[in-house]
Amino acid sequence: MNKLHVSTLAEKKIRRGVQLLDSKDFQNLGEINQLIALYGQSGNFLGTAYLSVQNKGIGWLLSKDKIQLTKSYFVSLFEEARKKRSTYESSDLTTAYRLFNQDGDNFGGLTIDLYNDFVLISWYNSFVYDLRLLIVEAFQEVFPNVKGGYEKIRFKGVGYESSHLFGHEAPTTFTVLENGVKYSVFMNDGLMTGIFLDQHEVRDSLVNGLALGKTVLNMFSYTAAFSVAAAMGGAAETTSVDLAKRSRELSQAHFDANALPTDNHHFIVMDVFEYFKYAKRKGLYFDVIVIDPPSFARNKKQTFSVTKDYHKLISQAVDILSSKGIIIASTNASNVSIGQFKAQLEKGFGNTKHSYLDLKQLPSDFAINTADENSNYLKVYTIKVKK
Ligand code: SAH
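93 is the number of the first residue of the sequence shown in my numbering; add one for each residue after it.
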């Protein structure tokens, strides 16, 4: 195994428990896409890692020991991961959740999500991708009941982004359960699946009281999963706004899956900033406004980034919020700390009175590396606004 020395700063980070490695951690990277032994500046052994190009960082520390990536190594990782999710496994009400989450389960660059009897495996770099046969073999040993798997390629260099990987093929679309609510999902159509599993606790709060009798506006709605949760939780009316034309039929599919008539549920294909203007002009008000933008978006007219522009979403939401209304403000930007996010929210509220009811972060199936704030990317505030 090749040896590499890391900087003193990187050694401290690794000792704290951070697993994500950065190109800055090394003076000389050498050959990537291989297992390496990491050493500190004084020649002390730090652990086994791999280096590979991905959308963030340059690789991952895997263990503080000397290890080999054998089938049995992955079997024990998967057994550990399975144990952590025993509550999910024994639930009849939730059949879709994350089985394996990167460094939270001690192997960065890999996630595995369960959708009923099927799994979706995401490869974040070519090193894990090259190990996929071994990983699938180990996975099937620990999860023999999983009928089939699909893969998503989340790095550049392979000519496809989604494919069937092993076992049976899943129906083109099928429904999964989350907290008793049905969602229509698809395994093999681009990188998305119809639902973002990391938001299950936010949807639960909408199912369990937050939306009861309320009018709900769902901004950046994608497949309107928050709206269907709100509708199942007794919302009087929901309005889902997304720029993507396809969002309409995908949203309808979630409602159909639950046999919910959509007379009081509206799907609007529009830029959210245009919709804010429209709602203001028409004098529309909403009791609950959910805001869940992508970290970064660009359309013909403007760019949006959570770090700079989130406050605009808040101030415009306040304008069309009923008195004593609720804003659910979410971001999945890992480069934005809780403090920075709150500063954006504060800027948006200005002098408007408000109180924070709750901060939700990743649910327990999205195991995080507690030593690394970067792995704890989700932040969702529920805020009561007194106008
Ligand atoms: N809230 C969703 C996930 C949102 S994903 C859920 O819980 O499932 C981000 C969505 O924002 C995408 O569907 C994208 O089409 C939409 N989007 C991006 N920029 C937008 C804009 N300016 N106006 C409306 N929708 C936008």
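Glycine is no exception: its CB is placed at the ideal position from the N, C-alpha and C atoms.
Sequence-distant residues of its chain with Cβ nearer than 7 angstroms to residue i (five each side left out)
i: residue 261; result: 240
i: residue 305; result: 326, 328
i: residue 460; result: 196, 454, 467, 468
Pairwise C-alpha distance: residue j and residue i
i: residue 118; j: residue 146; result: 16 angstroms
i: residue 365; j: residue 446; result: 22 angstroms
i: residue 337; j: residue 361; result: 6 angstroms
i: residue 476; j: residue 219; result: 46 angstroms
i: residue 138; j: residue 396; result: 40 angstroms
i: residue 345; j: residue 148; result: 34 angstroms
i: residue 284; j: residue 212; result: 10 angstroms
i: residue 180; j: residue 189; result: 7 angstroms
i: residue 141; j: residue 153; result: 4 angstroms
i: residue 467; j: residue 112; result: 9 angstroms
i: residue 120; j: residue 107; result: 21 angstroms
i: residue 406; j: residue 163; result: 49 angstroms
i: residue 318; j: residue 382; result: 8 angstroms
i: residue 234; j: residue 208; result: 16 angstroms
i: residue 151; j: residue 431; result: 27 angstroms
Per DSSP, the bridge partner or partners of residue i
i: residue 132; result: Residue 132 is not bridged to any residue.
i: residue 472; result: 422, 452
i: residue 339; result: None, per the DSSP bridge assignment.
i: residue 127; result: 142
i: residue 190; result: 205
Own chain residues within Cβ distance below 8 angstroms of residue i, not counting five before or after
i: residue 398; result: 385, 387, 388, 423, 425, 428, 433, 436
i: residue 252; result: 245
Same chain, Cβ closer than 6 angstroms to residue i, neighbours up to 5 away in sequence not counted
i: residue 479; result: 415
i: residue 451; result: 473
i: residue 308; result: 322, 327, 330, 380
i: residue 335; result: 363
i: residue 371; result: 412
Per-residue burial, residue i [other beta carbons within 10 Å of its own, 16 or more giving buried]
i: residue 311; result: buried
i: residue 449; result: exposed
i: residue 290; result: buried
i: residue 376; result: exposed
i: residue 196; result: buried
i: residue 440; result: buried
i: residue 93; result: exposed
i: residue 202; result: buried
i: residue 315; result: buried
Exercise. Hey, which residues come within less than 5 angstroms of the ligand SAH, measuring from Cβ to any heavy atom, in chain order?
Worked result: Residues with a Cβ closer than 5 angstroms to any heavy atom of the ligand SAH, in chain order: 288, 312, 314, 317, 334, 335, 336, 363, 364, 384, 386, 389.
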